[in-house]
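Going line by line, the protein sequences match chains V and U.
Under this note's numbering, the residue at position 79 of the first sequence is numbered 659, and the numbers go up by one with no gaps.
Under this note's numbering, the residue at position 246 of the second sequence is numbered 826, and the numbers go up by one with no gaps.
The beta-carbon is built from N, C-alpha and C at its ideal position, and this holds for glycine as well.
Just so we're clear, the structure is a prediction, and the values are computed from it rather than from any experiment.
Protein chains: 2
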Amino acid sequence: MSHRWVLGVDIGGTNVVVGAVPLEGGPPVASISGPTLAERGGDATVATIAALAAEVIETTVRSEGGDRADFVGVGVGCPGPLDLEAGAIVRTPNLPWDGYPIRDRVAEALGLECVLDNDGNCAAYGEWWIGAAREAHSVLCLTLGTGIGGGFVEGGRVFRGVNGAAFEVGHITIEVDGRPCPCGNRGCLEAYASATAIAARARARIESGEASTLTTYAGGLEGLTARAVSDAARAGDGLAAEVIEEAGRMLGVGVASLVNVLNPEYVVVAGGAAAIGDPLFGPMRDEVRRRAFEAAADACRIVPGSLEGQAGVIGTAGIFVAESSR
Amino acid sequence: MSHRWVLGVDIGGTNVVVGAVPLEGGPPVASISGPTLAERGGDATVATIAALAAEVIETTVRSEGGDRADFVGVGVGCPGPLDLEAGAIVRTPNLPWDGYPIRDRVAEALGLECVLDNDGNCAAYGEWWIGAAREAHSVLCLTLGTGIGGGFVEGGRVFRGVNGAAFEVGHITIEVDGRPCPCGNRGCLEAYASATAIAARARARIESGEASTLTTYAGGLEGLTARAVSDAARAGDGLAAEVIEEAGRMLGVGVASLVNVLNPEYVVVAGGAAAIGDPLFGPMRDEVRRRAFEAAADACRIVPGSLEGQAGVIGTAGIFVAESSR
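Below, the structure is given as structure tokens:
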């Protein structure tokens, strides 16, 4: 039996991951990562992508049969903002290649048709395509990491807005004069519920003199992570538990607003911090139930992402399939 | 020249308005209102609608020619929540006919095909069809009245969500533990920027002893309206001006969140309180510019509604046209 494949390319600030995803959807059969080395420029990263892609294709053909002609295209996912029409990077903090036409360069380097989308859209599409919200009416995806990104898929279509800037869900205001956010504003959801915000909140409370087992955290307070806070909470640390609960509640405030606006069938919470699990999801669900209208809350399933680690590769490949079949 | 028409029926808690709207879009040529008398039950209101419709049809035929067969259908708009699938009222505060199948009853009474939608969706569709956002890529409409309603149209399609509960934009949280909202929560946009909230805020500040020309408002403080506050602000009342500015700013906080999520081409602010104009729109636009991402803010035009008084009739007729041509 012969298969057809799409390459998924997930470009992060630190690593690039390339994988071979079956055209009909499924986990990647080969997936390899390498350093992005963004400071060397876009062409260097494209060369890395080409090398990884060659290896992925070889591995895939060796294990699954077929040949290079079975690879029909490539999807590339990047942190935004992006110029989707031009297929270019635009002032992305971790990819300092303003205006670099990443889509066309990858297409040239691989000799394959290429589509580009931002990582939030890719994550949402991946969860809709073969993940936690498979073929649902609609799915809102939030990714909790350094920041909070997201995307929305309705009727199998990625919602991009009038110029590709939609679903910056980390930057809805939940507290008018609240905590400062890296974006320069105050009170954004991201300032309360990203992995960064969870670590920062624990650090600030410890530095103000509150007691916690994290005071003696091996990595030092500066190296504190959301994961460490979550681990401490599980081990019985009261301060850590409060920080996680507060983040979950604030996440619920933001999700409730989005549920009242979008009335989605699924909210998928993905990204590293989603691994905290129930201590985060419990307060979040309670707050959504408290704040969202009953009809919308009843209709909405709030679930963790199911593609952890592979969401980028799968989602970008899925977006290629969706776009090329339009 | 012979025309074809759609009847638009706008059911409010106090009045019902029926008008004849050209099938191709345009202002109603005949528009008549009568009392809803909701407490007499749904059948009585449907009888009122039938009487008004007969009069509208007669007036239209007399002035424009043609005959009753030129009326191809009827659109009905109601405050939500509604069961759009069943075409029924569901626990709408001002229409106490829980479960009443308004769509089919109107269809039977008029002998015309009927579609039902909530007033926020109708307002948004009307502004997209022939109003302030004519045939735009996308339009988010907010209606500022007793509460804050809204709707969203993208690519000519009304966004309804998985079970018709979408775009309750008055109930996004802008302040976690903020002002109490009629919905039972705290910190909803509606608690800061509806016409009701504007009047309540001025009243509360005056009752706490602050000086204002509104202290001697002829209608008494209990009868204070957003219109009166706006008039006082225009006449130089400092407290009234501050109340309007604050409402505008808070509206901008909510609109900025929605712009970051939806990246719409237009935000249309309609409803009675939109008539306040620049004193409300100025602070709102400033706050959107401050809080929304540049790409999304640059792409978005924030404008007042252009169908005041007729939005309901036009929008409901438009939704009939849109639905029946699908």
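Reduced DSSP category for residue i - H, G, I as helix; E, B as strand; rest coil
i, result
"residue 595 (chain U)", "strand"
"residue 651 (chain U)", "strand"
"residue 589 (chain U)", "strand"
"residue 806 (chain V)", "helix"
"residue 890 (chain U)", "coil"
"residue 680 (chain U)", "coil"
"residue 670 (chain V)", "coil"
"residue 600 (chain U)", "strand"
"residue 581 (chain U)", "With a pLDDT of 48 at residue 581 (chain U), under the threshold of 50, the predicted position of this residue should be treated as unreliable, though the coordinate-derived value follows. Three-state DSSP puts residue 581 (chain U) in coil, outside helix and strand."
"residue 801 (chain V)", "helix"
"residue 769 (chain U)", "coil"
"residue 662 (chain V)", "strand"
"residue 657 (chain V)", "strand"
Contacts that residue i makes with chain V (C-beta to C-beta distance below 8 angstroms)
i, result
"residue 873 (chain U)", "661, 745, 748, 751 and 763"
is_contact[residue i, chain U] using C-beta, thresh 8 angstroms
i, result
"residue 713 (chain V)", "no"
"residue 687 (chain V)", "no"
"residue 836 (chain V)", "yes"
"residue 624 (chain V)", "no"
"residue 581 (chain V)", "At residue 581 (chain V) the pLDDT is 48, less than 50, meaning the model places this residue with poor confidence and gives no usable figure here."
Contact list for residue i against chain V, beta-carbon separation under 7 angstroms
i, result
"residue 842 (chain U)", "741 and 746"
Interface residues of chain V facing residue i [CB-CB closer than 9 angstroms]
i, result
"residue 833 (chain U)", "753, 756 and 767"
Neighbouring residues, chain U, relative to residue i (Cβ below 8 angstroms)
i, result
"residue 718 (chain V)", "741 and 742"
"residue 876 (chain V)", "741, 743, 745, 746 and 748"
Element boundaries [beta strand (DSSP E), containing residue i]
i, result
"residue 884 (chain V)", "881-884"
"residue 614 (chain U)", "610-615"
"residue 797 (chain U)", "Premise fails: residue 797 (chain U) is in no beta strand (DSSP E) and is neither H nor E."
Bounding residues of the alpha helix (DSSP H) (the contiguous stretch that carries residue i)
i, result
"residue 827 (chain U)", "818-842"
"residue 850 (chain V)", "No alpha helix (DSSP H) holds residue 850 (chain V); the beta strand (DSSP E) holding it covers 846-850."
"residue 643 (chain V)", "622-644"
"residue 856 (chain V)", "Run containing residue 856 (chain V): none; DSSP gives neither H nor E here."
"residue 787 (chain V)", "775-787"
Residue-chain proximity (residue i, chain V), Cβ-Cβ < 8 angstroms
i, result
"residue 966 (chain U)", "Look at the range of chain U in this structure, 581 to 906, and you will see that residue 966 (chain U) is not part of it."
"residue 825 (chain U)", "no"
"residue 627 (chain U)", "no"
"residue 845 (chain U)", "yes"
Just list the beta strand (DSSP E) runs in the segment 686-767 of chain V, keeping only unbroken ones of 3 residues or longer that don't cross its boundaries, in chain order.
Those beta strand (DSSP E) runs which fall completely within the segment 686-767 of chain V and span 3+ residues are 694-698, 718-724 and 728-734.
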